[in-house]
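Residue numbers (mature numbering (1 follows the signal peptide of the UniProt record, and there is no 0)): -19 to -1, 1 to 130. The C-beta atom is built at its ideal place from N, Cα and C for all residues, glycine as well. It should be emphasised that the depicted structure is a prediction, and the values quoted were computed from it without experimental measurement.
Structure, rendered in structure tokens:
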């Protein structure tokens, strides 16, 4: 009986382990370097304290999103209410929010970063707000932004 219970817990716990293994960058410079190195676009999640958790609970915490994000994007979380980051980093994050046209939080922006002669430029691919429908629908719509045909 104990062995069956352990197997059941392992089976049920494995999707949650995948969802918990997401690595979110919080420093934009680190994310840019990684994106350039891996030739992947950035998924920049603009958020702040007190924002609805729907996108995190229904999309980001799923095994489907964990697998998709690992293969397709560099995850960046920019919390615009984080009191633990420097004022320089906060100013940079707010400038990015404005430059990408993010008006409501939380919101995701897809962008490709490039660095030439020490200067970083961004190519905004699109914005993706939370939409009900689950992770598979959100991923499908994100793929249309990342791979327009």
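- [ ] Count the other CB atoms, across all protein chains shown, that sit within 10 Å of the CB of residue 88; report buried if there are 16 or more and exposed otherwise.
- [x] Indexing the chain shown from 1 puts residue 88 at position 107. Buried, because 16 or more other Cβ atoms sit within 10 Å of the Cβ of residue 88.
Open item on the list: For the segment 62 to 78 against the segment 38 to 53, do three or more pairs of beta-carbon atoms, one drawn from each stretch, fall closer than 8 Å, so that the two count as touching?
Closed with: no
TODO: Inspect the beta-carbon positions of residue 56 and residue 74 and report whether they are closer than 7 Å.
DONE: Taking the chain shown and counting its residues from 1, one reaches residue 56 at position 75. Taking the chain shown and counting its residues from 1, one reaches residue 74 at position 93. The answer is no: Cβ separation not under 7 Å.
Task: Opposing strand residues paired with residue 93 [DSSP bridges] - done: For the purposes of this step, residue 93 is taken as residue 112 along the chain shown, with counting starting at 1. DSSP, once it has assigned bridges, lists 104 as partnering residue 93.
Task: Inter-residue spacing [alpha-carbon to alpha-carbon] between residue 33 and residue 83 - done: Against the chain shown, residue 33 aligns to sequence position 52. Against the chain shown, residue 83 aligns to sequence position 102. Whole-angstrom Cα-Cα distance: 16 Å.
Open item on the list: Strictly by DSSP, which residues pair up with residue 60?
Closed with: Here residue 60 refers to the residue found at position 79 of the chain shown. Per DSSP, 28.
Task: Same chain only: Cβ atoms within 8 Å of residue 59, ignoring 5 sequence neighbours per side - done: Residue mapping note: residue 59 aligns to position 78 of the chain shown, counting from 1. Here the set comprises 7, 9, 25, 26, 27, 28, 74, 77, 78.
Task: Terminal residues of the alpha helix (DSSP H) in which residue 3 lies - done: Within the chain shown, residue 3 is the residue found at index 22, counting from 1. Note, residue 3: premise wrong, no alpha helix (DSSP H); not H, not E.
Task: Local conformation of residue 88 per DSSP, three classes - done: The residue given as residue 88 occupies position 107 in the chain shown. Note: residue 88 maps to strand in three-state DSSP.
- [ ] Please report how far the alpha carbon of residue 11 lies from the alpha carbon of residue 96, in whole angstroms.
- [x] Reading the chain shown from its first residue, position 30 is the one you call residue 11. Reading the chain shown from its first residue, position 115 is the one you call residue 96. Straight-line Cα distance between these residues: approximately 12 Å.
- [ ] Take residue 94 as the anchor and find which of 64, 126, 15 has the nearest alpha-carbon.
- [x] In the chain shown, the residue the question calls residue 94 occupies position 113. If we check each option's Cα against that of residue 94, 15 comes out closest.
Task: Cβ-based burial, residue 23 [other Cβ within 10 Å; buried from 16] - done: If you number the chain shown from 1, residue 23 lands on position 42. Buried is the call here.
Task: DSSP beta-bridge partners of residue 55 - done: Counting from 1 along the chain shown, the entry for residue 55 is found at position 74. Per DSSP, the beta-bridge partners of residue 55 are 23.
- [ ] Leaving aside the five residues before and after residue 119 along the sequence, list all residues of the same chain whose C-beta is less than 7 Å from its C-beta, in chain order.
- [x] If you number the chain shown from 1, residue 119 lands on position 138. If we look at residue 119 and ignore the five residues flanking it on each side, its Cβ neighbours are 40, 112.
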